[in-house]
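Quick note, the sequences are listed as chains A and B, same order. End of the first sequence sits at 93 in our numbering; the numbers just go up one at a time, nothing left out. End of the second sequence sits at 193 in our numbering; the numbers just go up one at a time, nothing left out. Ideal Cβ placement from N, Cα and C applies to all residues, glycine included.
Protein chains: 2
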Amino acid sequence: MKELNPLLHSQLRLAVISILMNVEEADFVYLKEKTESTAGNLSVQLDKLSSAGYISVEKGMSGKRPRTTCSITSDGRKAFEEYVEALKTYLNI
Amino acid sequence: MKELNPLLHSQLRLAVISILMNVEEADFVYLKEKTESTAGNLSVQLDKLSSAGYISVEKGMSGKRPRTTCSITSDGRKAFEEYVEALKTYLNI
DNA sequence: TTAATAAGGTTTATAATATAAACCAAATTT
DNA sequence: AAATTTGGTTTATATTATAAACCTTATTAA
């Protein structure tokens, strides 16, 4: 049986990647709300995805407040697509 | 976003359930080979699925050797189907 | 006939992962 | 100027996954 990329086979990281597959970019606050995660957990998981090169994380400012913006990279997109293919063999779809 | 049943969102347990969805029953040795898992890991994960009522585990004898046979229950089947539906919302399929 | 090896597992210890709680700095409100 | 909010990060803890060690019975080899 195919291996399921463990970096993507995690609910929160998968949710983040799934969101980023469908938008140009998304900021920390948006991802936190959409995934209903805590800030701490999200912060850690974004770091992991970023370290793997699956997303790029830009820390900037929006007016006077910090703003962290994330977008998927082509490596991330590829990994996600491979993950979906592997998963399909488990789900019989 | 929908929750992914954590009992099924684990590579080895998902593989086991996936196999059991397609056969009447499967024994320990077969599952071990098909999933390429270690016996210890498989034993633990079968226990979890069994405790949750997702599979039934029969410990019998095949001639003079022990033989553990597993099959999916209707609860397991239902949980798997719900899991697949939830996952689809993540995968955009 | 008993020592070694294999088959089929289980138990337990360890490594990895996920999660939440505590914390921090700057801005805003009271 | 104290308290609260925003937007996070770091660190400690709980959970999970995994492998290593072990157990019992059966078989084979010496």
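Query: Ordered along the chain, which non-local residues of its own chain (more than five positions away) have a Cβ less than 8 angstroms from that of ARG77 (chain A)?; Result: MET21
Query: Below 9 angstroms between beta carbons is the criterion; list the residues of the stretch 161-191 of chain B that meet it against any residue of chain A, in chain order.; Result: PHE180, TYR183, VAL184, LEU187, LYS188, THR189, TYR190 and LEU191
Query: So the candidates are B:LEU149, B:GLU133 and B:GLU125; which of them puts its Cα closest to the Cα of LEU199 (chain B)?; Result: Residue 199 (chain B) lies beyond the stretch modelled for chain B, which goes from 101 to 193, so this question has no answer here.
Query: Residues in its own chain within less than 8 angstroms of ALA186 (chain B) by CB, not counting five upstream and five downstream?; Result: LYS102, GLU103, LEU104 and ASN105
Query: Along the stretch 35-58 of chain A, where does the CB come closer than 8 angstroms to a CB of chain B? Name the residues.; Result: THR35 and GLU36
Query: Residues in its own chain within less than 6 angstroms of GLY160 (chain B) by CB, not counting five upstream and five downstream?; Result: ARG167
Query: Does the beta-carbon distance from GLU25 (chain A) to THR73 (chain A) come in below 8 angstroms?; Result: no
Query: Counting only Cβ pairs nearer than 7 angstroms, list the residues of chain B close to LEU14 (chain A).; Result: TYR190
Query: Keeping to the same chain, check which residues put their C-beta closer than 8 angstroms to that of THR98 (chain B); ignore five residues upstream and five downstream.; Result: Here chain B comprises residues numbered 101 to 193, so residue 98 (chain B) is not present and cannot be evaluated.
Query: So, for ALA79 (chain A): in the same chain, excluding its five sequence neighbours on each side, which residues have a beta-carbon less than 7 angstroms away from its beta-carbon?; Result: ASN5, LEU8 and TYR54
Query: DSSP puts ILE172 (chain B) in a beta bridge; with which residues?; Result: B:ILE155
Query: Is any beta-carbon of chain A found at less than 8 angstroms from that of LEU104 (chain B)?; Result: yes
Query: When DSSP labels each residue in this structure, what does GLY163 (chain B) get in the three-state scheme?; Result: coil
Query: Could you tell me if SER37 (chain A) is buried or exposed, where buried requires 16 or more neighbouring beta carbons within 10 angstroms of its beta carbon?; Result: buried
Query: Could you check where the alpha helix (DSSP H) with LEU108 (chain B) kicks off and where it finishes?; Result: Where LEU108 (chain B) is concerned, there is no enclosing alpha helix (DSSP H), given that its DSSP letter is neither H nor E.
Query: Taking a contact to mean a Cβ-Cβ separation below 8 angstroms, would you say GLU131 (chain B) touches VAL84 (chain A) in this structure?; Result: Inspection of the sequence shows that residue 131 (chain B) is occupied by Leu rather than by Glu. No, the pair does not count as a contact, with Cβ atoms beyond the cut-off.
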